[in-house]
Amino acid sequence: MTNESYNTGGITHIIGSKVFLYFNGNHVHFEDQIRAGIAEVLFNQMMFGGSLGQQVKTSTFFSMPDWYRVGIISYLSNEWDSHFDNRIRDGILSGRYNKVNNLKGNDAVYAGHSLWRYIANQYGKAAVSNIIHMTSVSNSIDKGFLYVIGVPFKSLIEEWRQFYEKQFEGYEDNINNPL
């Protein structure tokens with residue numbers, strides 16, 4: 093075997109239902125990888141089917157924005173904490189999260205996580221898995237949200253943004269005042 097067959101690059105690889113992890117000496121980081129890997133495998137099986145061939149076939153007919161996939165994986169594998177709260181506050185108050193479907197990278201992770209958290213808090217935790225299922229069945233994100241929670245996606249995004257804006261509304265007024 094060559095060095096390429098070993099996972100030494102520090103990246104978690106998921107092939108089918110197998111998760112290949114690396115250990116960098118930090119047990120907390122390793123546990124985070126395990127949770128995220130399991131969440132991604134479960135999401136892929138729910139969304140695209142069990143076999144790798146089925147996943148490739150389904151994914152070619154359906155394009156999914158980054159926030160949806162990476163956000164649900166983050167939501168399922170990480171607890172909400174002050175770090176998430178700070179990132180969401182910054183994204184909401186700066187207006188960076190105004191166009192959710194265009195978000196990439198870490199912004200997609202944090203905005204998606206907060207959106208799934210909002211859905212679970214407002215509509216119940218069961219709504220999260222039901223939305224994933226209905227999105228998979230209908231091959232439409234809009235229909236997945238509409239069928240499960242009865243709210244069009246654009247309206248949901250506006251509700252989500254208003255919820256967090258209200259939560260953070262006093263923050264900007266007190267930013268320069270020491271406690």
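Numbering (this note's numbering), first residue to last: 93 to 271. Virtual Cβ for every residue (Gly too), placed ideally from N, Cα, C.
- Inter-segment contact for the stretch 219-233 and the stretch 129-138 is present: three or more beta-carbon pairs are separated by less than 8 angstroms.
- Counting along the chain, E250 sits inside the alpha helix (DSSP H) bounded by residues F245 to F260.
- Only residues of its own chain outside the window of five on either side were considered, and among them A200, V201 and G204 have a CB closer than 8 angstroms to the CB of V162, listed in chain order.
- Here the alpha carbons of F176 and F122 stand approximately 19 angstroms from one another.
- The three-state secondary structure of D124, taken from DSSP, is helix.
- Rounded to the nearest whole angstrom, the CA to CA distance from R179 to N231 is 30 angstroms.
- With a cutoff of 8 angstroms on beta-carbon distance, Y167 and R127 are scored as not near each other.
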